[in-house]
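Numbering (the numbering used here), first residue to last: 1 to 447. I have placed the structure first, in the form of structure tokens, so that the comments after it can refer back to it.
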Amino acid sequence: MRMRLYILFFLSPLFFQLSLFAASLSSNQLQNSLGNTTFPTTLSALREDTSNDDKMWYWLNLARLQQTDGDFNASIQSYEKAYAILDGYENRATISLRNVGSFLGSSFLTQGSEHYHTKGYERSLMHTLNALNYTMLGDFEGAAVEMRRMEMRQEFWLAESEEKIKDAANDKRRAERQGSDVTAIPAGYSMASLLEDPDIRSMANNYQDPFSYALSSIILDISGLSAASGDASAISLKRALALNPEVSKAFVPTSHQPSTLSITVVVLAGQAPAMKIERVRFPIFHAAEYTSLDLPSYTPPSNDLSSVSVSTSTIRHQMPRLLKSNLMAYKTLKDELPSDLAKGVVRATTRAVTAKQMSDHFGPLGGLIASLTMDLGSTYIDKDYRNWELLPNSGYIVKFEAKKGENLDIMLNKTKETITLPTDKKGAVIVVDYLTPNNIRIHHVTY
């Protein structure tokens, strides 16, 4: 009886956390059900199962599916639901029930029990993609407002990142006091070599992307708000060019002939890396023992494109890849790894101490039961630690001039999609959603 009471005392936080986690469509199910025939069922299943409607990933994934389905108003509402969750996180008091739950998960159990409120690049891009919703509805002013909200959102991410650096320093000191070295990437960590990639090391930061700023420049220009905002279109373009000089290829010089119209083509392709928890063998207590260290990791991106171009009978333009969500994810992981490593060591040490206490009280069997129960609980909870899995991995933009009434061919790798341009409009914005090779959605708006 005494042994059962001690086990219940030590492990009751685990069972409390387990009761909070129950995913509907798993990450794999979601990403593997985007084909043309399964897409309607996937959208319906995600929309009807609201068991995870308190999580940002749920609303962001739903918003993305609604957007590709052409239900732009519903997508806007879903993005707003995600904003509300993030706003609550940003504005809440320092001490709250949710904070207590997150601290408990961080110190006792696993990273998977922490609440995921998206990373900086995801926070920026949710506003960028929502701006496309407003654009497709012909509300260019609403789209411009979303781009402004994107920049405001980045301000909090910077402040949050600074606090994470301070927390990481505290966790590092705590881990070192417990006899663990957290200065090097653990051997066996699958992301180790990727994080040293020169493309990732050379990135300016982990939250600003040239795709968003290039799109912002175009939207501000079309909306007519640029001049009233101090030539905001030119400012956005300068920021985009500073992040990636390839942006210059997205803006083709125009002649403004009466027989032509302005065309903007946006291609969103594939799905960004999905987050997972990876377990790595790690020494603790001055390498006297080994434990399982949980670290964030990513699956590879899927259904992406390597070549996108547009052409008519007289012109051809190769579209530059300006959004690279995978690199943004890896850059964030690299920047946050010192903090994640230190916190992971503290959690692992806490679990080891708990198992040792159970062993001291009840012998090896008690320690074994505690270890197995915590490992089982951690594995279960980790499955629900999810990011925005349906965020496009790549974004391409080109703005150019074409003759009215011509056929516009869009080449997606070796797949050709053709659109007939209008004859009586000033311009058009065309958005191509490349979900899978057999599920390509195209929407457009004219002005």
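The beta carbon of each residue, even a glycine, is placed where N, CA and C say it ideally should be.
Check                                                                                                                                                                                   : Outcome
Rounded to whole angstroms, how far is the Cβ of Val-450 from the Cβ of Met-411, which I believe are closer than 8 Å?                                                                   : The chain is shown from 1 up to 447; residue 450 falls before or after that span and cannot be answered.
Is Lys-81 helix, strand or coil when you go by DSSP?                                                                                                                                    : helix
Mind checking whether Glu-481 and His-127 have CB atoms under 8 Å apart?                                                                                                                : For the chain, the structure presents residues 1 to 447; residue 481 sits outside this window and is missing.
With DSSP run on the structure shown, which of helix, strand or coil describes Met-319?                                                                                                 : coil
Applying the 10 Å Cβ sphere with the 16-neighbour rule, what's the burial state of Ala-329?                                                                                             : buried
Could you pull out every unbroken alpha helix (DSSP H) segment of at least 4 residues lying fully inside the segment 102–169, listed in chain order?                                    : 120–136
Taking only three categories from DSSP, how would you classify Gly-224?                                                                                                                 : coil
Compare the Cα-Cα distances from Leu-333 to each of Thr-50, Tyr-121, Glu-90 and report the closest residue.                                                                             : Tyr-121
So Asn-130 packs on Glu-389, CB below 8 Å; how close in whole Å?                                                                                                                        : Their Cβ separation, rounded to whole angstroms, is 18 Å, which puts Asn-130 and Glu-389 out of contact at 8 Å.
Can you check which of these residues, Lys-425, Ser-27, Ser-394, is closest to Gly-405 by C-alpha distance?                                                                             : Lys-425
For Gln-29, count the other beta carbons within 10 Å of its own beta carbon; 16 or more makes it buried, fewer makes it exposed. Which is it?                                           : exposed
In angstroms, rounded to a whole number, what distance separates the CA positions of Thr-260 and His-443?                                                                               : 21 Å
What does the Cβ neighbour count give for Thr-158, buried or exposed, with the cut at 16 atoms within 10 Å?                                                                             : According to the sequence provided, residue 158 is Leu. The question's Thr does not apply to it. Result: exposed.
Would you give the residue range spanned by the beta strand (DSSP E) that Asp-433 belongs to?                                                                                           : 427–436
Starting from the N-terminal side, write out each stretch of the beta strand (DSSP E) that is 3 residues or longer and does not extend beyond the segment 237–288.                      : 260–269, 275–284
Check Val-100 in the structure and name its three-state DSSP category.                                                                                                                  : Low local confidence applies: a pLDDT of 36 at Val-100 is under 50, so the model's placement there is unreliable, with the coordinate-based value given in what follows. Helix at Val-100.
In terms of DSSP beta bridges, what is Thr-420 paired with?                                                                                                                             : Asn-407
Applying the criterion that 16 or more other CB atoms from any shown protein chain within 10 Å of the CB defines a buried residue, is Thr-415 buried or exposed?                        : exposed
Quick test of the definition: if touching needs 3 or more C-beta pairs under 8 Å, does the segment 298–313 touch the segment 396–405?                                                   : yes
With a cut-off of 8 Å on the beta carbons, I'd call Ile-430 and Leu-327 a contact; round off their distance for me.                                                                     : About 26 Å; that fails the 8 Å criterion.
For Val-182, which of helix, strand or coil comes out of DSSP?                                                                                                                          : coil
Take Met-449 as the anchor and find which of Ser-212, Ala-232, Leu-268, Ser-78 has the nearest alpha-carbon.                                                                            : The chain is shown only over 1 to 447; residue 449 falls outside these bounds and no answer can be derived.
Between which two residues does the beta strand (DSSP E) carrying Ser-309 extend?                                                                                                       : 308–311
Is it buried or exposed, Ile-95, if we count other Cβ atoms within 10 angstroms and call 16 or more buried?                                                                             : Confidence at Ile-95 is low in this model, with a pLDDT of 40, below 50, so its placement is unreliable and the value that follows should be read with caution. By the 10 Å Cβ count, Ile-95 comes out exposed.
Just to confirm my understanding: we take Gly-101, look at its own chain, exclude 5 residues before and 5 after, and list those with CB closer than 7 Å. What are they?                 : In this predicted model, Gly-101 has a pLDDT of only 38, less than 50, meaning its place in the structure is not dependable; the value taken from the coordinates is given anyway. The answer is none, since no qualifying residue turns up.
For the segment 267–279 against the segment 233–249, do three or more pairs of beta-carbon atoms, one drawn from each stretch, fall closer than 8 Å, so that the two count as touching? : no
Assign Asn-36 to buried or exposed, taking buried as 16 or more other Cβ atoms, counted over all protein chains shown, within 10 Å of its Cβ.                                           : exposed
In whole angstroms, what is the alpha-carbon distance linking Lys-331 and Leu-295?                                                                                                      : 15 Å
Output the distance between the C-alpha atoms of Pro-135 and Asp-340, rounded to the nearest integer angstrom.                                                                          : It should be pointed out that residue 135 corresponds to Thr in this sequence rather than to Pro. Using only the alpha carbons, I get a separation of about 38 Å.
Can you name, in chain order, every residue of its own chain whose Cβ lies under 7 Å from the Cβ of Arg-174, other than the five neighbours on each side?                               : Val-346
Below 8 Å between beta carbons: does that hold for Leu-337 and Pro-186?                                                                                                                 : no
Return helix, strand or coil for Gly-402, following the three-state DSSP convention.                                                                                                    : It should be noted that the sequence gives Ala, not Gly, for residue 402. Ala-402 falls in the strand class under three-state DSSP.
With DSSP as the reference, label Lys-324 as helix, strand or coil.                                                                                                                     : strand
Could you round the C-beta distance between Ala-232 and Leu-215 to whole angstroms and report it? I think they count as a contact, below 8 Å.                                           : Their Cβ separation, rounded to whole angstroms, is 13 Å, which puts Ala-232 and Leu-215 out of contact at 8 Å.
Whose C-beta lies closer than 6 Å to the C-beta of Met-64 among residues of the same chain, with five residues either side of it excluded?                                              : Checking the displayed sequence, the identity of residue 64 turns out to be Arg instead of Met. Answer for Arg-64: Leu-390, listed in chain order.
So what does DSSP say about Arg-441, is it helix, strand or coil?                                                                                                                       : strand
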